[in-house]
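Residue 401 in our numbering sits at position 381 of the sequence shown, with consecutive numbering throughout. In this text, a Cβ means the ideal position worked out from N, Cα and C, and glycines have one as well. Only a predicted model underlies this, so the values are computations on that prediction, with no experimental measurement involved. In what follows, a structure is listed as structure tokens, so that the remarks can point back to it.
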Amino acid sequence: MSKIVVVGANHAGTATVNTILSNYPNEEVVVFDKNSNISFLGCGMALWIGKQISGPEGLFYSSKEKLECNGAKVHMETEITKIDYDNKIVYGINKDGETVSETYDKLILSTGSLPIDLPIPGKNLKNVQFVKLYQHAEDVIKKLENQDLKNIVVVGAGYIGVELAEAFQRCGKNVELVDLSDSCLSGYYDTEFRNLMTENLAKNGINVNFGEKVLEIKGTDKVEEVITDKKTYKADMVILAVGFVPNNLLGKDKLELFKNGSYKVDLTQMTSEKDVYAIGDCATVYDNSIEDTNYIALATNAVRSGIVAAHNACGTKLESIGVQGSNGISIYGLNMVSTGLTLEKAKALGYDAIATEFNDLQKPGFIEHDNEEVLLKIVYDKNTRRVLGAQMASRQDISMGIHMFSLAIQEKVTIDKIKLLDIFFLPHFNQPYNYITMAALGAK
Numbered sequence: 021m022s023k024i025v026v027v028g029a030n031h032a033g034t035a036t037v038n039t040i041l042s043n044y045p046n047e048e049v050v051v052f053d054k055n056s057n058i059s060f061l062g063c064g065m066a067l068w069i070g071k072q073i074s075g076p077e078g079l080f081y082s083s084k085e086k087l088e089c090n091g092a093k094v095h096m097e098t099e100i101t102k103i104d105y106d107n108k109i110v111y112g113i114n115k116d117g118e119t120v121s122e123t124y125d126k127l128i129l130s131t132g133s134l135p136i137d138l139p140i141p142g143k144n145l146k147n148v149q150f151v152k153l154y155q156h157a158e159d160v161i162k163k164l165e166n167q168d169l170k171n172i173v174v175v176g177a178g179y180i181g182v183e184l185a186e187a188f189q190r191c192g193k194n195v196e197l198v199d200l201s202d203s204c205l206s207g208y209y210d211t212e213f214r215n216l217m218t219e220n221l222a223k224n225g226i227n228v229n230f231g232e233k234v235l236e237i238k239g240t241d242k243v244e245e246v247i248t249d250k251k252t253y254k255a256d257m258v259i260l261a262v263g264f265v266p267n268n269l270l271g272k273d274k275l276e277l278f279k280n281g282s283y284k285v286d287l288t289q290m291t292s293e294k295d296v297y298a299i300g301d302c303a304t305v306y307d308n309s310i311e312d313t314n315y316i317a318l319a320t321n322a323v324r325s326g327i328v329a330a331h332n333a334c335g336t337k338l339e340s341i342g343v344q345g346s347n348g349i350s351i352y353g354l355n356m357v358s359t360g361l362t363l364e365k366a367k368a369l370g371y372d373a374i375a376t377e378f379n380d381l382q383k384p385g386f387i388e389h390d391n392e393e394v395l396l397k398i399v400y401d402k403n404t405r406r407v408l409g410a411q412m413a414s415r416q417d418i419s420m421g422i423h424m425f426s427l428a429i430q431e432k433v434t435i436d437k438i439k440l441l442d443i444f445f446l447p448h449f450n451q452p453y454n455y456i457t458m459a460a461l462g463a464k
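The structure is reproduced here in structure tokens:
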């Protein structure tokens with residue numbers, strides 16, 4: 021029996037602890053987390069804030085009690101402040117201010133990521149905040165009850181910023197969405213898809229302001245204005261959602277780091293230090309799209325990395341099969357999903373990439389109800405013909421379709437293989453010559 025210490029118990033940490041306890045009952049598992057809760061589904065925060073769900077209870081899928089019931093020893097509200105890697109000891113401080121320490125045989129770091137802190141004047145004013153943790157969302161919801169809070173500026177038009185913009189507008193607030201980029205969701209989708217989302221936001225009352233750099237946040241005690249290089253916006257609340265950086269504070273001086281500061285791990289999730297693993301948003305992944313190490317912070321990746329690390333820490337060799345960065349978003353009924361590389365990103369990385377697109381109804385035209393248009397774009401390498409990425413958009417739920425393209429990237433399937441792929445037809449679901457087949461047949 022060995023002692024495994026897990027630092028951090030959200031998605032990746034919870035997955036690794038559950039995997040160990042379910043498969044290796046003789047292992048001793050000790051968990052530390054500085055928060056008061058674990059397993060919070062942050063992707064559901066906007067739904068809670070925007071009153072699209074009744075409350076936050078369903079956003080938790082585990083707890084200290086559940087983990088302890090299965091055999092773990094869990095220390096909540098305990099922050100690990102130092103790790104002695106040579107002597108295998110972690111040190112921390114609990115909520116009572118007491119110093120704690122624990123030896124380990126194997127260490128699994130699941131410290132997640134931290135919101136990017138913009139270096140601008142006024143960022144410490146009241147009502148200027150991040151929205152990442154349960155406590156952040158809870159605080160925002162309480163403040164929204166104040167009827168004098170009318171104007172909200174969301175800085176950052178990535179997934180979180182766009183979702184929060186919708187949530188605040190659903191609460192009857194005037195929302196200004198500001199981003200330095202020339203459109204929303206940069207990096208996830210190519211221009212035509214980003215334009216669809218921008219139009220969707222504007223149509224539903226979100227004021228979109230792209231190509232603007234935030235210079236200063238002004239106010240006396242609390243925020244009153246946001247000043248960019250082009251405009252000044254009234255603001256009763258400002259949400260900073262410009263992205264995240266890996267939380268590497270406990271190992272940046274000892275462990276090998278990736279170019280963005282995340283812990284560089286191999287396919288078993290082991291770091292450069294023997295017996296030390298890193299999982300989730302603090303660690304790298306193997307990206308099948310580029311066939312190399314990358315950083316892709318997604319809850320799905322975190323869970324898989326936790327499972328892989330758990331087995332390896334317990335002596336069972338298991339390697340990650342890599343990821344494609346599959347993701348999705350749904351705003352005011354517009355569903356967009358993607359996997360792998362966009363055409364823009366593929367070209368920037370040096371691929372001789374081209375794309376094929378097709379736009380059609382999901383079902384035959386004689387289906388008069390619940391039949392929406394679907395836009396599909398498949399990115400592939402001109403020389404090897406290998407599929408590099410795909411993007412889909414519709415008001416239909418087409419989300420499951422992206423999984424096929426994720427697998428295609430993983431298995432290095434060519435665009436030509438998809439041309440005559442056996443896809444079933446039934447009018448209730450699709451067309452005989454559906455958009456997947458037609459897009460592939462249109463490939464050069």
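- The Cβ atoms of S282 and P266 lie closer than 7 Å to each other.
- Separation of A319 and A32 (C-alpha to C-alpha, rounded to the nearest whole angstrom) is 8 Å.
- Comparing C-alpha distances from E99 to each of N107, Y111, K93 and Q416 shows the shortest one belongs to Y111.
- Boundaries of the alpha helix (DSSP H) around M65: M65 to I69.
- In the displayed model, T34 falls within a helix according to three-state DSSP.
- In this structure, the CA atom of A185 is about 13 Å from the CA atom of F150.
- Looking at the DSSP output, G239 shares a beta bridge with V243.
- Under the criterion of beta carbons closer than 8 Å, I435 and A460 qualify as touching, at roughly 6 Å.
- The residue among A255, G421, H95 and G409 with its C-alpha nearest the C-alpha of T362 is G409.
- Counting of Cβ neighbours within 10 angstroms places N403 among the exposed residues, the total staying below 16.
- If you compare the alpha carbons of T39, P135, L260 and M217 with that of V198, the shortest gap goes to L260.
- Between the beta-carbon of D401 and that of A373 there is about 6 Å, and that keeps the pair under the 8 Å contact cut.
- Per DSSP, reduced to three states, the secondary structure at H448 is coil, with no helix or strand assignment.
- Between the alpha carbons of I226 and V195 lies a distance of about 6 Å.
- For the pair K126 and D295, the CB atoms are nearer than the 7 Å cut-off.
- S42 carries a helical assignment under DSSP once its states are collapsed to helix, strand and coil.
- Within the same chain, K284, T304, T313 and Y315 come within 7 Å of F278 by CB-CB distance, once the 5 residues on both sides are set aside.
- In the DSSP assignment, N321 falls within the unbroken alpha helix (DSSP H) covering A319 to A333.
- Of the residues assessed, D301 falls on the buried side of the cut-off, its CB having 16 or more other CB atoms within 10 angstroms.
- If you check the CB distance, V357 and S419 come in under 7 Å.
- Under the DSSP assignment, A157 falls in the alpha helix (DSSP H) whose first and last residues are Y154 to L164.
- The alpha-carbon separation between S42 and V394 amounts to approximately 42 Å.
- Closest by C-alpha distance to K238, out of N224, G181, L221 and V148, is V148.
- DSSP places N215 in the uninterrupted alpha helix (DSSP H) bounded by T211 to K223.
- With a cutoff of 7 Å on beta-carbon distance, Y179 and F60 are scored as not near each other.
- With respect to the 7 Å criterion, S121 and I113 are not classified as neighbours on the basis of their beta carbons.
- In terms of CA proximity to T119, H95 leads the group P139, H95, I136 and G142.
- Under DSSP, D307 forms a beta bridge with D312 and V343.
- Going by C-alpha positions, V27 is about 19 Å away from G335.
- Taking a cut-off of 8 Å for Cβ pairs, the region 215-223 and the region 239-253 do not touch, as fewer than three such pairs fall below it.
- Judged by their CB atoms, R406 and K367 are not nearer to each other than the 7 Å cut-off.
- Under the three-state reduction of DSSP output, S292 falls in the coil class, being neither helix nor strand.
- Residues of the same chain with a CB within less than 7 Å of the CB of N57, apart from the 5 flanking positions on each side, are F80 and Y154 in chain order.
- Under the three-state reduction of DSSP, F80 is assigned to strand.
- Under the DSSP definition of a beta bridge, P266 partners with S133.
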